[in-house]
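As you go down the protein sequences, you meet chains B and C in turn.
Residues in the first sequence are numbered from 1 upward in steps of one, following the numbering used here.
Residues in the second sequence are numbered from 1001 upward in steps of one, following the numbering used here.
Each residue gets a CB set at the ideal place from its N, CA and C atoms; glycine is no exception.
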Amino acid sequence: MTDQQINSETRLRLYRLMRECRELEQRAYDLFMQNLVKGTSHLGLGQEAVAAGFGAAMNADDYTFCTYRGHNHTLVRGVAMDAILGELMGRECGLMRGKGGSMHLTSVEHGVMGSYAIIGAHLPVAAGAAWSAQYRGTQQVAVCFFGDGTTNIGAFHEALNFAVIWNLPVIFVCENNKYMEYTPIEAVTAVANPAADRASAYSLDPILIDGNDVELVYRTASEAIARARAGKGPSLIEAQTYRHGGHSRADPGKYRPDEEVAAWKARDPLDAHRAKLVEAGVDEETIDLIDAQVMSAIDEATETAKASPPPPREIAYIDVWADGGVEWRC
Amino acid sequence: MAQMNMIQAINSALDVMLERDQNVVVMGQDVGYFGGVFRCTDGLQARHGEHRVLDSPISEGGIVATAIGMGVNGLRPVAEIQFADYIYPGFDQIASELARIRYRSDATFTAPVTIRSPCGGGIRGGQTHSQSPEGIFAHVSGIKTVMPSNPYDAKGLLISAIESNDPVVFFEPKRIYNGPFDGDPEKPAQSWASHAKGEVPEDYYSLPLDQAEVIKEGDEITIVTYGTLVHVALATAELLGVNAEVIDVRTLMPLDVMTLQKSVEKTGRCLVAHEATRFCGYGAELVASIQQACFWHLEAPIERVTGWDTPYPHAFEWSYFPGQKRMAAGIRRVMEAG
């Protein structure tokens, strides 16, 4: 697929999706500072292009599995902003009425089959969901996002093996942001490219891309998804990107060299795509209008979430088991 | 009605469910073309196809996790973990994901996975082929934990486990796969052929996942146990001439406290027995639940007979295993106290 094949509507959509991710997470951060979001949160500021590129390439009934750094991947599937912010804030309007929180965003109706906070856990789960699609004869694919740190845990390798032996419609997407939590991935990994260099061990093609180039992500995603849908099996994609902030809310990320941070910020995926749009003849007003619309939607979602009451206490005791909650044990 | 051993009963349950429900699939190491190391899945792949009875790699975490992924889309996978001792790599997936998906998704996302696994000692398996880890699983909210003690229950409970909308961990005491075992390894092996619980309907039936069974009525002491030790308890009480009420817990979680309470209120004395290690074992939960429900009816402290708090020692298997001698000592302690 060449550059020209991405139509202008899709290019603008990619921009809008990234802008939504950026501003929603920025808002989540602000709400933390106002103590309206408690606990911790893991932001993907700077990594928006990966989620947006895949989100735009997927069908509505496809599945995504993501990590605790999963706000972006959830949003790009069409989940409402107030439901995401409400979940972070522990409000009744939250996606799971506060029963999961920031790290477990789930929306089955949007194909968001959970956010997983145990490293690697969701890779074989995604393989299972893909097996189910294959068994039921649907055309669904499963896309599974994870970080560079995941490539050193057993579940990564088990999942790849399952996906290949069963020829599953699943796409594993490693967002390599160079740091696991605090330690550079290169310091603890046997290969230079933690995912791509492992592909050949599972007879997969190594795919290493610039994860800050949203159109490249979109094209790569589209190809992998088409392959999977056509019954040609799984893909493993390593997208190189960078976290603008630290690992979690409590982490200022000071262990990273200033020059490194500055160099990556200069390669901001939103700025780069905006420049590309302008170069392609999109006028600035059109882009500014998208920015304004996104901000207005986020402001509205914030007010909705703030106005939403805490969830009723009774729900804390139910849905532990299919036929009961904690009282059922007595 | 057919006469079946536990292996045949489990095979029959899987066969019936594969036949009845296209959403049921069976997976695990060696379960397909080979038919399972204990033969529980023998012939199922030939009858139901490679797409429904799948051979997995040795990858217990992956087996459990792929089953979760299948389950969230409406399938009812039945995964085999070849020995309970191999389940620990899958424990993370069971405890952190499978058990909690319903709760944390506000019940929008569920995975009705059944995990079968042979457990327990008595076959000279050494310390990594003999464990009874049921207490660890009963401790985890969001899953059910089951252990049958005979072929009839094994089939009916396994069918209920597969039909349950909750994840179920289903432990099969492998010492009694081929016949009941009264705790005496010197005796010739018994078979299920002449046992009432070896009579198993060939068709579909199910048993409730929340009811203990009074295996034998009595009024002098209540023995609460499950799995292989049900048979040891029956034999020991008979040997001692004690009119014991023997209760098979069957489903460890949910626990049928009412049946235990009714019995202990009648007998006033209670012995809890299991093969697993004692400290923080499932027996501790049984004792706590029973004393809370029956404290004012108790005439003696509740005693426990369990495996040692050691790994299963290869050369001392029959010392670790709570056989008739230790069961008898436990019964005497309860009968003579107070």
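Backbone CA spacing between residue i and residue j [nearest angstrom]
i                  : j                  : result
Gln47 of chain B   : Thr1114 of chain C : 38 angstroms
Gly1151 of chain C : Ala1276 of chain C : The question names Gly, but residue 1151 of chain C in the sequence shown is Pro. Going by the C-alpha atoms only, they are around 21 angstroms apart.
Pro312 of chain B  : Val282 of chain B  : 48 angstroms
Cys1119 of chain C : Lys1174 of chain C : 6 angstroms
Ala275 of chain B  : Pro269 of chain B  : 10 angstroms
Cys330 of chain B  : Leu1157 of chain C : With a pLDDT of 45 at Cys330 of chain B, under the threshold of 50, the modelled position of that residue is not reliable, and no figure is offered here.
Gly94 of chain B   : Glu303 of chain B  : 13 angstroms
Ala221 of chain B  : Gly53 of chain B   : 7 angstroms
Trp321 of chain B  : Ala1138 of chain C : 13 angstroms
Ala263 of chain B  : Val217 of chain B  : 20 angstroms
Cys174 of chain B  : Trp1308 of chain C : 47 angstroms
Glu1213 of chain C : Pro1311 of chain C : 30 angstroms
Cys21 of chain B   : Ala1284 of chain C : 50 angstroms
Val1026 of chain C : Ala155 of chain B  : 21 angstroms
Leu14 of chain B   : Val278 of chain B  : 14 angstroms
Gly230 of chain B  : Glu223 of chain B  : The displayed chain sequence assigns Ala, not Gly, to residue 230 of chain B. Looking at the two C-alpha atoms, the distance is approximately 11 angstroms.
Glu1202 of chain C : Leu1260 of chain C : 31 angstroms
Tyr135 of chain B  : Ala51 of chain B   : 27 angstroms
Met18 of chain B   : Gly55 of chain B   : 10 angstroms
Lys178 of chain B  : Ala292 of chain B  : 32 angstroms
Leu36 of chain B   : Gly90 of chain B   : 9 angstroms
Where the alpha helix (DSSP H) containing residue i begins and where it ends
i                  : result
Asn176 of chain B  : Premise fails: Asn176 of chain B lies in the beta strand (DSSP E), Val170 to Asn176, not in any alpha helix (DSSP H).
Ile956 of chain C  : For chain C, the structure presents residues 1001 to 1338; residue 956 of chain C sits outside this window and is missing.
Gly233 of chain B  : Looking at the DSSP string, Gly233 of chain B is not in any alpha helix (DSSP H), and its letter there is neither H nor E.
Glu284 of chain B  : Glu284 to Ala307
Thr10 of chain B   : Ser8 to Met33
Phe156 of chain B  : Gly154 to Ile165
Ser1319 of chain C : Glu1317 to Tyr1320
Pro1133 of chain C : Note, Pro1133 of chain C: premise wrong, no alpha helix (DSSP H); not H, not E.
Asp271 of chain B  : Pro269 to Glu279
Ile1176 of chain C : Where Ile1176 of chain C is concerned, there is no enclosing alpha helix (DSSP H), given that its DSSP letter is neither H nor E.
Ala988 of chain C  : In this structure chain C extends from 1001 to 1338, so residue 988 of chain C is not present and cannot be described.
Same chain, Cβ closer than 6 angstroms to residue i, neighbours up to 5 away in sequence not counted
i                  : result
Ala1237 of chain C : Ala1244
Pro310 of chain B  : none
Gln5 of chain B    : none
Gly1035 of chain C : Thr1041 and Asp1042
8 angstroms Cβ shell around residue i - same chain, five flanking residues per side excluded
i                 : result
Thr2 of chain B   : Residue confidence is low: Thr2 of chain B scores 49 on pLDDT, short of 50, so the model does not pin down where it sits. Its coordinate-derived value is still stated next. So the list is empty, once near-sequence residues are dropped.
Asn193 of chain B : Asn176, Pro206, Leu208 and Glu238
Ser8 of chain B   : Ala280 and Val282
Start and end residues, beta strand (DSSP E) containing residue i
i                  : result
Ile1215 of chain C : Glu1213 to Lys1216
Glu48 of chain B   : Careful: Glu48 of chain B lies outside any beta strand (DSSP E), inside the alpha helix (DSSP H) at Glu48 to Ala57.
Cys1294 of chain C : Not the beta strand (DSSP E): Cys1294 of chain C falls in the alpha helix (DSSP H), residues Tyr1282 to Cys1294.
Leu1252 of chain C : Thr1251 to Met1253
Ala1276 of chain C : Cys1270 to Thr1277
Glu1245 of chain C : Ala1244 to Asp1248
Asp1092 of chain C : Element bounds for Asp1092 of chain C: not the beta strand (DSSP E) but the alpha helix (DSSP H), Tyr1088 to Asp1092.
Asp1055 of chain C : Val1053 to Asp1055
Phe208 of chain B  : Note that residue 208 of chain B is Leu in the sequence shown here, rather than Phe. Segment Ile207 to Asp210, the beta strand (DSSP E) holding Leu208 of chain B.
Ser115 of chain B  : Val112 to Tyr116
Beta-carbon spacing of residue i, residue j below 9 angstroms
i                  : j                  : result
Arg77 of chain B   : Met58 of chain B   : yes
Ile1007 of chain C : Tyr1205 of chain C : no
Gly1090 of chain C : Ile1081 of chain C : yes
Tyr242 of chain B  : Val261 of chain B  : yes
Ala130 of chain B  : Val170 of chain B  : yes
Ala127 of chain B  : Leu168 of chain B  : yes
His42 of chain B   : Ser248 of chain B  : yes
Gly100 of chain B  : Glu87 of chain B   : yes
Val1272 of chain C : Ile1223 of chain C : yes
Phe1181 of chain C : Gly1122 of chain C : yes
Gly1028 of chain C : Ala159 of chain B  : no
Leu1209 of chain C : Val1146 of chain C : yes
Leu1207 of chain C : Arg1250 of chain C : yes
Ile1010 of chain C : Lys1197 of chain C : no
Ile1159 of chain C : Pro1112 of chain C : no
Met1327 of chain C : Val1264 of chain C : no
Ala195 of chain B  : Asp148 of chain B  : yes
Val1024 of chain C : Asp1055 of chain C : no
Same chain only: Cβ atoms within 7 angstroms of residue i, ignoring 5 sequence neighbours per side
i                  : result
Ala1193 of chain C : Gln1003
Glu1299 of chain C : Gly1268, Arg1269 and Gly1338
Trp1318 of chain C : Pro1185
Neighbour list for residue i in chain E, Cβ cutoff strictly below 7 angstroms
i                 : result
Ser132 of chain B : In summary, chain E is missing from the structure at hand, where the protein chains are B and C.
Inset, instruction - Check whether the segment 128-145 of chain B touches the segment 63-82 of chain B, counting contact only when three or more Cβ pairs, one atom from each stretch, lie closer than 8 angstroms. - result: Contact holds: three or more Cβ-Cβ distances are below 8 angstroms.
Inset, instruction - Take every Cβ of the segment 1047-1054 of chain C, pair it with every Cβ of the segment 1090-1099 of chain C, and state whether three or more of those distances are shorter than 8 angstroms. - result: no
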